[in-house]
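Okay, so here's the structure we're looking at.
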Amino acid sequence: MHDFIELADICTTFTLQALEEAEQKIIEEHQTSARTSLVKGLQSFRLSKAFFITGMFSVFEAQLQSSFNCKNGFEKANEILEKKQQNVIKEKFNDLCLAINVLKHGRGDSYDKLVAKAKSLPFRIRLSDEYFFCEGDVTEVNTLVEVNDEFVKYCLDVIKEVSYYVESS
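What follows is the structure, encoded as structure tokens:
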């Protein structure tokens, strides 16, 4: 598991830096041109972050399943966190699992659970009466969870915390 966390950290840093550099180039170009391709490029960076974090969570689950030879790695991690009385980390992790499900599947039970606690979440979820996270932001993409650099880093931090307690079990 240690190798996964180290590589996930490196991948996250690299990916966010590469996207930031590419985004800055397009923003500079966008100052003198309003081409649709530039806006689509900026939108693609936002969507890339959603793809990235969804994939990271999926691979993390596979790592847990492999480590514990089980069918549900997240369930096993939750059992360990509960046994070690790490309720705050467990809640953060479960909220992120719900958020990833919302990114993958849209509205449903996971979305409803997040909406019920939207004000206390450290990330934004688009409520049913909201059309945008930031009206007028042409780079915004149609996701129910706002996936920005902070969200990606938060996900990685929680995965690291979960891994710490899982590895020491």
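If you want our numbering, it's the 1-based position in the sequence shown plus 2.
Cβ coordinates follow ideal geometry from the N, Cα and C atoms, glycine included.
These figures come from a predicted structure and were not determined experimentally.
For the alpha helix (DSSP H) that contains residue i, what are its first and last residues?
i      : result
Phe70  : Thr38 to Phe70
Cys99  : Asn89 to His107
Gly138 : Element bounds for Gly138: n/a, residue is neither H nor E.
Phe221 : No information on residue 221 is available, as it lies outside the stretch 3 to 171 that the chain covers here.
Leu158 : Asp151 to Glu169
Ser112 : Asp111 to Ala118
Lys78  : Gly75 to Lys85
Determine the direct distance from the alpha carbon of residue j to that of residue i, and round the result to whole angstroms.
i      : j      : result
Phe153 : Phe125 : 6 Å
Lys85  : Tyr166 : 14 Å
Leu105 : Glu31  : 30 Å
His4   : Ser122 : 31 Å
Ile7   : Lys162 : 6 Å
Leu158 : Phe76  : 15 Å
Val164 : Glu25  : 32 Å
Ala120 : Thr15  : 27 Å
Ile12  : Lys155 : 12 Å
Lys73  : Phe62  : 13 Å
Leu40  : Leu146 : 23 Å
Phe70  : Ser170 : 13 Å
Do residue j and residue i count as a contact pair if the criterion is CB distance below 8 Å?
i      : j      : result
Val149 : Ala79  : no
Phe59  : Ile102 : yes
Gly43  : Ile55  : no
Val143 : Ile82  : no
Leu66  : Val160 : no
Gln45  : Thr141 : yes
Between the options, which has its C-alpha nearest residue i's C-alpha?
i      : options                : result
Asp139 : Ser35, Arg48 and Phe16 : Arg48
Is any heavy atom in the ligand GTP found nearer than 7 Å to the beta carbon of residue i?
i     : result
Ile29 : Questions concerning the ligand GTP fall outside what the structure shown contains, since it holds no ligand whatsoever.
Between the stretch 128 to 136 and the stretch 80 to 93, do at least 3 Cβ pairs fall closer than 8 Å? no
Could you say if the stretch 6 to 21 and the stretch 109 to 120 meet the contact criterion of at least three C-beta pairs nearer than 8 Å? no
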